[in-house]
Amino acid sequence: MTSYGSYRQLRLVPQRGGVPKSLAKDSPLWRIDWILLLAAVVLSLGSSLLVWSATRGRDTLTHGDPQYFLFRHLTNVLIGAVLCAVVIAIGSRRFRTVVPFLYAGVILLLLATLSPLGSTINGQHSWIQLGGGFSVQPAEFAKLAIVLSMAVVLSDQVDAGEREFPANRAVFRGLVWATLPMAIVMLMPDAGSVMVMAVIVLGILLASGAANRWVFGLILAGVGGCVAIWKLGVLSKYQIDRFAAFANPALDPSGVGYNTAQARIAIGSGGLTGKGLFHGTQTTGQFVPEQQTDFVFTVAGEELGFLGAMAIIVLLGVVLWRACRIARQATDLYGTIVAAGVVAWFAFQGFENIGMCLGIMPVAGIPLPFVSYGGSSMFSTWVAIGLLQAVQSQRPIAA
Numbered sequence: 008m009t010s011y012g013s014y015r016q017l018r019l020v021p022q023r024g025g026v027p028k029s030l031a032k033d034s035p036l037w038r039i040d041w042i043l044l045l046a047a048v049v050l051s052l053g054s055s056l057l058v059w060s061a062t063r064g065r066d067t068l069t070h071g072d073p074q075y076f077l078f079r080h081l082t083n084v085l086i087g088a089v090l091c092a093v094v095i096a097i098g099s100r101r102f103r104t105v106v107p108f109l110y111a112g113v114i115l116l117l118l119a120t121l122s123p124l125g126s127t128i129n130g131q132h133s134w135i136q137l138g139g140g141f142s143v144q145p146a147e148f149a150k151l152a153i154v155l156s157m158a159v160v161l162s163d164q165v166d167a168g169e170r171e172f173p174a175n176r177a178v179f180r181g182l183v184w185a186t187l188p189m190a191i192v193m194l195m196p197d198a199g200s201v202m203v204m205a206v207i208v209l210g211i212l213l214a215s216g217a218a219n220r221w222v223f224g225l226i227l228a229g230v231g232g233c234v235a236i237w238k239l240g241v242l243s244k245y246q247i248d249r250f251a252a253f254a255n256p257a258l259d260p261s262g263v264g265y266n267t268a269q270a271r272i273a274i275g276s277g278g279l280t281g282k283g284l285f286h287g288t289q290t291t292g293q294f295v296p297e298q299q300t301d302f303v304f305t306v307a308g309e310e311l312g313f314l315g316a317m318a319i320i321v322l323l324g325v326v327l328w329r330a331c332r333i334a335r336q337a338t339d340l341y342g343t344i345v346a347a348g349v350v351a352w353f354a355f356q357g358f359e360n361i362g363m364c365l366g367i368m369p370v371a372g373i374p375l376p377f378v379s380y381g382g383s384s385m386f387s388t389w390v391a392i393g394l395l396q397a398v399q400s401q402r403p404i405a406a
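If you read the sequence shown in our numbering, its first letter stands for residue 8, the second for the next number, and so on.
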């Protein structure tokens, strides 16, 4: 396994007179991963057409304005891009110093969600209404909090040169930091987000170089936790029904299995090239519920066909490829863990969202990164892109 101590032997190569070599190429603009940025931009902007198609005919949602969700989605993308730029400007090392404060802020938001300030949507007490039609879902930011807090705890001694790999005590502390937000989110109950967080933790442990017993222990704890959640009745009835419908799709196609059945019809009817943007019969007929959020992939499958749906998957693949590249080339363990956590997050969440639209995964109510409508999801994913770019930007020029 790679020794992170070797990274500290890298240094900037100065020219004569102390002027950094190739000053222009050493600027932040040259260090940005433009392929990663372009893939994220195309996904975010292209998805605005899918959101528009899914909502323009739903007068009860748009208040009579067909462009209502289009403009809000684009506004979310713009805000997300600004947050990304702010994270890049702060830099990976400086951002690391504020992680405890960000973690505390997320915990307070999660607790506020469980208070009377929170509101229930689709059976989950997961939102805080801000007024004016705006709301925030703190569970999306909890994913960032887990990535950053575990990165700080696990890398502290390694990046200081005191150890080659994280100590058992550091791994335990990191798991404690991750468990707190997961426990709060489970009380909402939001099982989908907890599944994503669990995969993030697993990916971080694998990337950190922690002892294998922690990885196997986490897997066993996850299995035991699932059994306990089921036996103790933590899940609500509609969540249990979703798993039952996944296990037996023919159980209740007009009830709990309706979403998946209609999603599969929409995607299957698109063929190779689709019915054309704004011409999907399942979409215009409003047969697929929550189509601008959890089931936005069905719009691509029906109206843009197999080619359009594959374009989304390929672009997500590009994001994951560049993130893996950043993790591999990071100059410290902190950067590696941050990038690996984002990879685990995006990979599992994308697979789960697309999988539930295809009927190969249970319906979990989690958004498709960069594509689904929703401010909290868009903001958190773009902050994650900013974190990746910040890690990439700190990579020094090898001697």
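The C-beta atom is built at its ideal place from N, Cα and C for all residues, glycine as well.
Would you mind sorting Gly71 into buried or exposed? The rule is 16 or more other CB atoms within 10 Å of its CB. Gly71 should be labelled exposed.
Can you give me the C-alpha to C-alpha distance between Leu5 and Ala167, rounded to a whole angstrom? With the chain running from 8 to 406 in the structure shown, residue 5 is simply not present.
Member of Val222, Gly139 and Leu137 whose CA lies at the smallest distance from the CA of Phe179: Comparing Cα-Cα distances from Phe179 to each of Val222, Gly139 and Leu137, the minimum goes to Val222.
Cβ atoms of Phe76 and Val58: under 7 Å apart, would you say? For Val58 and Phe76, yes; Cβs fall inside 7 Å.
Would you say Ala214 and Ile344 are within 7 Å of each other, going by their C-beta atoms? Yes, Cβ-Cβ distance for Ala214 and Ile344 is below 7 Å.
Check the C-beta distance from Leu161 over to Ala185 and give it rounded, since I have them as a contact under 8 Å. Actually they are not in contact, since the Cβ atoms of Leu161 and Ala185 sit about 11 Å apart, beyond 8 Å.
Bounding residues of the beta strand (DSSP E) (the contiguous stretch that carries His80): Where His80 is concerned, there is no enclosing beta strand (DSSP E), although the alpha helix (DSSP H) it sits in stretches over Tyr75 to Ile97.
Uninterrupted alpha helix (DSSP H) stretches inside the stretch 95-183 (no shorter than 4 residues): Within the stretch 95-183, the complete alpha helix (DSSP H) segments of 4 residues or longer fall at 99-104, 106-121 and 145-166, listed in chain order.
For Pro145, which residues in the same chain have their Cβ closer than 6 Å to its Cβ, ignoring the five residues on either side in sequence? Closer than 6 Å at Cβ, skipping near neighbours: Leu116, Leu117 and Thr120.
Please determine if the stretch 90-109 and the stretch 380-398 are in contact, where contact requires at least 3 C-beta pairs separated by less than 8 Å. Because the criterion of three Cβ pairs below 8 Å is met, the stretch 90-109 and the stretch 380-398 touch.
Applying the 10 Å Cβ sphere with the 16-neighbour rule, what's the burial state of Leu7? Absent from the model: residue 7. The displayed extent of the chain is 8 to 406, so no value can be given.
Beta-carbon proximity check, Val206 vs Ala351, cutoff 7 Å: Between Val206 and Ala351, the gap from beta carbon to beta carbon is short of 7 Å.
Among residues of its own chain, excluding the 5 on either side of Leu109, which ones have a beta-carbon nearer than 7 Å to its beta-carbon? The answer, listed in chain order, is Ala152 and Leu155.
Val206, DSSP secondary structure in three states: Three-state result, Val206: helix.
8 Å contact criterion, which Val208 and Leu225 should meet: CB distance rounded: Sure, about 7 Å apart at Cβ, within 8 Å.
Write down the C-beta distance between Phe102 and Ala347 rounded to the nearest angstrom, noting that I regard them as a contact closer than 8 Å. Not a contact, Cβ separation roughly 17 Å.
Sequence-distant residues of its chain with Cβ nearer than 7 Å to Ser387 (five each side left out): Excluding sequence neighbours, Ser387 sits near Glu147, Phe148, Lys150 and Leu151.
Which of the three DSSP states, helix, strand or coil, is assigned to Thr338? The DSSP-derived three-state label of Thr338 is coil.
How big is the Cα-Cα spacing for Ser379 and Val321? Computed Cα separation, rounded: 16 Å.
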